[in-house]
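Asker: Sharing a structure with you now.
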Amino acid sequence: MTLLDAPEFDEAPSKRRRLIVQISAAALFVLLVIYWLVASRPVDWPWYWQRYIFGRADVNKFMVTLEANDLNKAYGVWMNDPNWQQHAAQYNTYPFARFQRDWGPSSPDNEYGPIRSHTIAMAGSYGNGLLVAVLVNGRKSDALNLDYDPKSGQLSFAPPGVSLCLPGSTDPGCQRH
Numbered sequence: 003m004t005l006l007d008a009p010e011f012d013e014a015p016s017k018r019r020r021l022i023v024q025i026s027a028a029a030l031f032v033l034l035v036i037y038w039l040v041a042s043r044p045v046d047w048p049w050y051w052q053r054y055i056f057g058r059a060d061v062n063k064f065m066v067t068l069e070a071n072d073l074n075k076a077y078g079v080w081m082n083d084p085n086w087q088q089h090a091a092q093y094n095t096y097p098f099a100r101f102q103r104d105w106g107p108s109s110p111d112n113e114y115g116p117i118r119s120h121t122i123a124m125a126g127s128y129g130n131g132l133l134v135a136v137l138v139n140g141r142k143s144d145a146l147n148l149d150y151d152p153k154s155g156q157l158s159f160a161p162p163g164v165s166l167c168l169p170g171s172t173d174p175g176c177q178r179h
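Under this note's numbering, the first residue of the sequence shown carries the number 3, and numbering increases by one thereafter.
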């Protein structure tokens with residue numbers, strides 16, 4: 003067989019391959035957009051979006067347990083250890099007694115009073131963690147800023163002077179996202 007005797011070109015397999023590549027690329031793009039929406043539309047690299055999903059979920063779980071006034075469970079969420087009572091001495095940097103003074107519904111140190119509702123207003127990267135602004139009890143300003151550490155899964159208060167800038171905020175120390 004010579005070059006002049008070559009079989010006629012069949013266009014169908016080529017079209018099929020091109021269609022498979024185009025559909026795969028479109029499906030990958032759609033999955034990426036869905037993942038971005040589930041992560042609450044972060045302005046960050048995709049490999050960091052997982053911290054937004056888990057951080058917002060942990061903050062939400064923490065606030066829901068506070069609304070139910072279950073401080074034992076809330077402390078377990080805060081420390082990322084549901085069995086914290088079996089080894090409470092391990093958490094002497096922020097002991098449960100101090101946690102009760104900070105979050106107890108009748109505590110004078112709790113500036114929000116009994117927590118009845120919450121809304122996660124915003125989340126943004128801060129260092130290696132995630133800063134989450136929560137509006138408590140229907141407030142429109144003075145958000146509670148919590149820091150989520152993705153490596154340990156623990157929550158903490160935002161560093162002093164650091165907060166997320168909610169729309170209309172005039173705080174000079176806030177982080178723009």
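Quick reminder that beta carbons are idealized off the backbone N, C-alpha and C, glycines included. For clarity, every value in this text was computed on a predicted model and none was experimentally measured.
Under a three-way DSSP split, which group does S109 fall into?
Answerer: Residue mapping note: residue 109 aligns to position 107 of the sequence shown, counting from 1. It is coil, neither helix nor strand.
Asker: Would W49 be called buried (16 or more neighbouring beta carbons within 10 Å of its own) or exposed?
Answerer: As a first step, residue 49 is located in the sequence shown; it is residue number 47 there, counting from the start. With fewer than 16 Cβ atoms within 10 Å of its Cβ, W49 is classed as exposed.
Asker: Should the segment 34 to 54 be called in touch with the segment 77 to 95, which here means at least 3 C-beta pairs below 8 Å?
Answerer: no
Asker: According to the Cβ coordinates, are R103 and E69 closer than 8 Å?
Answerer: Numbered from its first residue, the sequence shown carries residue 103 at position 101. Numbered from its first residue, the sequence shown carries residue 69 at position 67. No.
Asker: Would you decide whether S165 is buried or exposed? Buried here means 16 or more other CB atoms lie within 10 Å of its CB.
Answerer: Here the question's residue 165 lines up with position 163 in the sequence shown. Buried.
Asker: Near Y93, which residues of its chain fall below 7 Å by C-beta distance, leaving aside the five closest residues on each side in sequence?
Answerer: As a working note, residue 93 is residue 91 in the sequence shown. Excluding sequence neighbours, Y93 sits near M81, W86.
Asker: Report the partner residues of T121 according to the DSSP bridge assignment.
Answerer: Walking along the sequence shown from the start, residue 121 turns up at place 119. Answer by DSSP bridge pairing, in chain order: L137.
Asker: Bridge partners of Y128, per DSSP?
Answerer: By 1-based counting over the sequence shown, the position of residue 128 is 126. G131.
Asker: So what's F31 in DSSP terms, helix, strand or just coil?
Answerer: Position 29 of the sequence shown, counting from 1, holds the residue named residue 31. In this structure, DSSP gives F31 a helical state, which the three-state scheme calls helix.
Asker: In its own chain, which residues sit with a C-beta less than 8 Å from the C-beta of F56, not counting the 5 before and 5 after it?
Answerer: Within the sequence shown, residue 56 is the residue found at index 54, counting from 1. Take F56, set aside five residues on each side of it, and the residues of its chain with a beta-carbon closer than 8 Å to its own are Y150, P152, G155, in chain order.
Asker: How is the alpha helix (DSSP H) around F159 delimited, first residue to last?
Answerer: Residue 159 sits at position 157 when you count from the first residue of the sequence shown. F159 -> not in any alpha helix (DSSP H); beta strand (DSSP E) instead, spanning 157 to 159.
Asker: In this structure, does DSSP put L166 in helix, strand or coil?
Answerer: Taking the first residue of the sequence shown as 1, we reach residue 166 at position 164. Correct three-state label for L166: strand.
Asker: Enumerate in chain order the residues of its own chain whose CB-to-CB distance from A90 is below 6 Å, with the five nearest sequence positions on each side excluded.
Answerer: Taking the first residue of the sequence shown as position 1, residue 90 is located at position 88. Correct list: empty, nothing qualifies.
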